[in-house]
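Taking it in order: structure first as structure tokens, then the write-up.
4 protein chains.
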Amino acid sequence: MAKLSVSIVGGSGYAGGELLRLLLFHPNVQVMQVTSERFEGKPVDRVHPNLRKITRLTFSKPSELTPCDVLFMCLPHGSSSNYLEQVRSLAKKIIDLSADFRLDKKQGFVYGIPELHREEMKGANRVSSAGCNATATILALYPLFKRGVADPMRTVVEVKVGSSEGGNSISEASHHPERSGAVRSFMPTGHRHILEIVQELSFGRDIQIHFSATAIDMVRGVLATSHVFLTEELSEKEIWALYREAYGEEPFIRIVKTSGGIYRYPEPKLLIGTNYCDIGFEKDEKSDRLVVISAIDNLMKGAAGQAVQALNIMHGLDETTGLEFPGLHPI
Amino acid sequence: MAKLSVSIVGGSGYAGGELLRLLLFHPNVQVMQVTSERFEGKPVDRVHPNLRKITRLTFSKPSELTPCDVLFMCLPHGSSSNYLEQVRSLAKKIIDLSADFRLDKKQGFVYGIPELHREEMKGANRVSSAGCNATATILALYPLFKRGVADPMRTVVEVKVGSSEGGNSISEASHHPERSGAVRSFMPTGHRHILEIVQELSFGRDIQIHFSATAIDMVRGVLATSHVFLTEELSEKEIWALYREAYGEEPFIRIVKTSGGIYRYPEPKLLIGTNYCDIGFEKDEKSDRLVVISAIDNLMKGAAGQAVQALNIMHGLDETTGLEFPGLHPI
Amino acid sequence: MAKLSVSIVGGSGYAGGELLRLLLFHPNVQVMQVTSERFEGKPVDRVHPNLRKITRLTFSKPSELTPCDVLFMCLPHGSSSNYLEQVRSLAKKIIDLSADFRLDKKQGFVYGIPELHREEMKGANRVSSAGCNATATILALYPLFKRGVADPMRTVVEVKVGSSEGGNSISEASHHPERSGAVRSFMPTGHRHILEIVQELSFGRDIQIHFSATAIDMVRGVLATSHVFLTEELSEKEIWALYREAYGEEPFIRIVKTSGGIYRYPEPKLLIGTNYCDIGFEKDEKSDRLVVISAIDNLMKGAAGQAVQALNIMHGLDETTGLEFPGLHPI
Amino acid sequence: MAKLSVSIVGGSGYAGGELLRLLLFHPNVQVMQVTSERFEGKPVDRVHPNLRKITRLTFSKPSELTPCDVLFMCLPHGSSSNYLEQVRSLAKKIIDLSADFRLDKKQGFVYGIPELHREEMKGANRVSSAGCNATATILALYPLFKRGVADPMRTVVEVKVGSSEGGNSISEASHHPERSGAVRSFMPTGHRHILEIVQELSFGRDIQIHFSATAIDMVRGVLATSHVFLTEELSEKEIWALYREAYGEEPFIRIVKTSGGIYRYPEPKLLIGTNYCDIGFEKDEKSDRLVVISAIDNLMKGAAGQAVQALNIMHGLDETTGLEFPGLHPI
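Protein chains in written order, with my numbering: chain R, 1 to 331; chain L, 1001 to 1331; chain H, 2001 to 2331; chain X, 3001 to 3331.
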């Protein structure tokens, strides 16, 4: 098979850089162009220092974009929708990493979580990558909400997130002396990702996801702790069965729940650089609460990795192609 | 006033060391003895290196303990209750930092949160210091549960904690390469502190606190995020009033909720070394959920600091004596 | 004694904030004004959140500065020298924390390391606080260079520094995802502090200090590792004697060198919030090299703390007044 | 070509786990056995949680080891030499990761840095992997010492290292509250790796390497700062030429020295998971000092990665096989 020609619009940010790293090592892909207004003409390794000696690519001007098989858009939220008009003729297939096309399947975009939308993706020309926190939350709760065993109005989700979620724009909040050691409730209520989560988990019902986000001192990673009140009595064994049924064949989902050892439940640090979503759970013996713990790397399964997974599905490739990195330990 | 003679039983651990630091600088206190089986005869600065050049005290054998005005017990959980018999004749006043006497006001111990039990403490001879996570949670929720405006069965509390909570006993889980960068759900359900929390917040009602604890990469600090479902409609202004009424005169409670700046809500790093409990909140505009955020230093307001606050109250001293350190920024 | 009236020019930065914290708790000082162009009219706790509930001070306009006993200047390097003209009539005594008056005892400023210049400080009206890296280095090497036992041309000093050294101005380099985990040689040669170090250590000889600075992932702290080639054979005992002679009576210098335990040599984290400079050393058994290890908190002994120490000396106060905080463990 | 059958003796430690990760993804290798006394019979992912769902291997008893093409030994220092007798008949080729065979080319082992010993490795049956700190230091200094432009008696090397260097044995020093935030001079003089460094850099001359090691708060990584006094005047351009001559064709060495951007010099965090050694330098304009900065991942180029590189060379494979991971940014 001829290699797919692929370009990245807006490739100087963190998600764009991660995508570029993955695509450069993807055996079925040829990276054509990576655009950046700000860094036009500069070598890409100037802003992505991990790519030194890996590639001699330089950033192109967005206006010089040429046709290609697949176009990835990594623009700031709000810019993609404006930009779509300009690029729609350049590539048959578009994968957008912004928040612009996630809701209401706007403009024909499939919501980009393969575990929920694989069949739609296979024939799709447009995929909208899911939000990182949304991905961690949706994958944790999907088997429960699909089966209707969760109190629809009382699920509480607390995500702990790293600083790369905020992108590479500097601010007082991201200044190291202020951000280091922080345990910062930056979004106790009203997080933008709630809408995506509700969209994917409602299954025609009226539901509420009570979502809060706390920034902690790490760079990559999301840990979502979801507190679900079960509407029917389920043993841990039955819950296992439910998750196994939903995810037993999934290449990037692991159920992590061991009785011994240090790593009894998912931990984002083990997933740095990988496309896994690890999910574990514990049923409260004293109440109807089920705690579901899920972890991802926000730049991988939460952004670039999941986008490459979508590319693989859209083109009939093995879903794990270019996404085999298993993660490191210790780290 | 003559200085109070004070000794510490079990002074080689983290809480004992913190207590010793505070007492050495307390103007109304004379530290007499600090016991340790393991380090008997050794200078205390051998295990508490921050006390170098501050004191020449050495650890005493527990069996050599002499009478004093106030005895602090910093023994491992489970040991204090056995030990009480041996020391009850040595000191009129005993402040215990273990979990042994917190429940059911056993053996005449007052539960050690001054904001809830100040009057009882004034005449008390025995105080049992509250658990660190319990302190952060109880202080966050007390005004709401006292007034009965929280759904009694549906409060979810997620605490993020540092590694010093585990004490100074080494383990695989505390080995730096494993613990560094961790976001570890070490106690999704079943945490021991739940009983204390329920005891203090029930006010005769049947309540449930759905509590989970996640270890993150910090040494000191607790951030508790409490998700409360209000049973009556309250504006943020009314909630402010409620907290002001409960804590307006409290020297160690600050309501932290600002519209601008980086530090809009409580953050444990700002409290390192202080006895403050900072509390903030945000009402979800889209639902009946109130998110309450509270932060403490687990070794201070969560252990040694709160114990010194109790000592001050028991002896009619200004409550803030020896606890004036305001915390550092940046840190 | 009446309290000294004290004001701070340029009080919105990290050194200014630390100074304000110290002065607010100093028993012989009354803080009058704290100026800031940018935050004029705003409460100081807006930028120094550790001072919440501690003070109701607001920032003044620099032009509204009124006369006081002591003026601290915490302006950016380069601004102090321009500003001096405007404020010289306002206060008899001026302590400047910038780099502007450190060299050549310009404008009558005494170089602000008390361990070297205490007698001059006693009668001085102007003190120029020393650089943080310079302080750690000079205090480590002073006894050796004074006695002339170090090869004057071959001393290598490697400092490891935290992010607060860079102040509170944001930049790409201080953006958390970039700065976190960094081990960054930001100044392998040519560091500005070298001139101060040479000035203080030369004692009329021609000397060279080969200085490099590496930024590591911490907020506060400097660890200087100095490699000295001895020109005469000295046992560790003789080196001890040399340091004891120089610093035996110093309240803020501790010789830290123990054979057991974890903390055998100085560590900056134990000094967070303190005015100590801890110094240790190890003689290489196989060569003429002596390794001297020194640690400080860059915002304390490296800036605000040392400035308060100078204030105490200039006014005949006990040198440790307001500087008693012993540091925390664990931290 | 048939796959090489490979086993690992002592595979439960950090280096063993990293080696296993690399070998499981190596296209020319089949992992046969991984031994561990302590974990015999347990799945390898029990101690290497990053290998969950990657392999179903379980640990074998050392006594059950069967013949294979290549045997990697990852035993504690001191054990390998005893063990060699037992395993020498099992495999024609042995790669040892301990310190036991590094000096004096004992027992026919080639010192395992390919950039210095590639030709010897090609025909070798035994390779002894180099120490991590030694690797970073030797690669930084080799072009200078080979050409004889460095003062042989006055080179000072300061390495900053992470906690994984200490392996997975727990201790008080590695207890998170003690190790977190540490800047710890754990080996100011007398480090074991000095002998290897001297062996590789002496080229028949008498030389001294003044080496100190400081532990900092990271898990993986070494940054070596080497201060070299040049014996002849060299411009930065000439130094470039010297390094390019030595390493221009090397697949795993990158000269990192850029005038702009944040990452002007090598940084270990960019190398996490990679086999690169990045090297940069800065000539002091005011003296004869050259500062050379080198970075590696201690478990990769400093252990497992370099061992796989040796395996590739010994078997005529492309040297980068299985070592293509480029590292992550941000991290």
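All C-beta atoms, glycine included, are put in the ideal place defined by N, C-alpha and C. The structure displayed is predicted, hence computed values, not measured ones.
Determine the DSSP secondary structure at residue i, reduced to helix, strand or coil.
i: E282/R; result: strand
i: Y265/R; result: coil
i: V3198/X; result: helix
i: F3145/X; result: helix
i: I3138/X; result: helix
i: L4/R; result: strand
i: R184/R; result: strand
i: P1076/L; result: coil
i: P2043/H; result: strand
i: M3032/X; result: strand
i: V222/R; result: strand
i: S3060/X; result: strand
i: R1126/L; result: strand
i: A246/R; result: helix
i: A2241/H; result: helix
How about residue i: is its C-beta nearer than 7 Å to some C-beta of chain R?
i: I1239/L; result: no
i: G3261/X; result: yes
i: N3050/X; result: yes
i: S3164/X; result: yes
i: P3152/X; result: no
i: K1160/L; result: yes
Is the shortest distance between the beta-carbon of residue i and the beta-carbons of chain X less than 7 Å?
i: E1172/L; result: yes
i: R1021/L; result: no
i: P2188/H; result: yes
i: H2193/H; result: no
i: V1219/L; result: yes
i: S1180/L; result: yes
Identify every residue that forms a DSSP beta bridge with residue i.
i: C1277/L; result: I1253/L
i: V2156/H; result: H2210/H and H2227/H
i: K3093/X; result: V3070/X
i: H2175/H; result: H175/R
i: V3087/X; result: DSSP, once it has assigned bridges, lists no residue as partnering V3087/X.
i: S216/R; result: Looking at the sequence provided, one finds Ile at residue 216/R rather than Ser. I216/R is bridged to V183/R.
i: A3150/X; result: L3230/X
What residues of chain C sit near residue i, judged by a beta carbon separation below 9 Å?
i: V2256/H; result: In the structure shown, chain C does not exist; the protein chains are R, L, H and X.
Check for me: the alpha helix (DSSP H) holding residue i runs from which residue to which?
i: V3308/X; result: A3304 to M3314
i: R1021/L; result: Y1014 to L1024
i: R1205/L; result: Per DSSP, R1205/L belongs to no alpha helix (DSSP H) and is neither H nor E.
Comparing the C-beta of residue i with each C-beta of chain H, is any distance below 7 Å?
i: P1076/L; result: no
i: P177/R; result: yes
i: S3287/X; result: yes
Quick one: is residue i near chain L, going by C-beta distance under 7 Å?
i: S185/R; result: yes
i: V3222/X; result: no
i: P330/R; result: yes
i: R2046/H; result: yes
Between which two residues does the beta strand (DSSP E) carrying residue i extend?
i: I3296/X; result: R3289 to I3296
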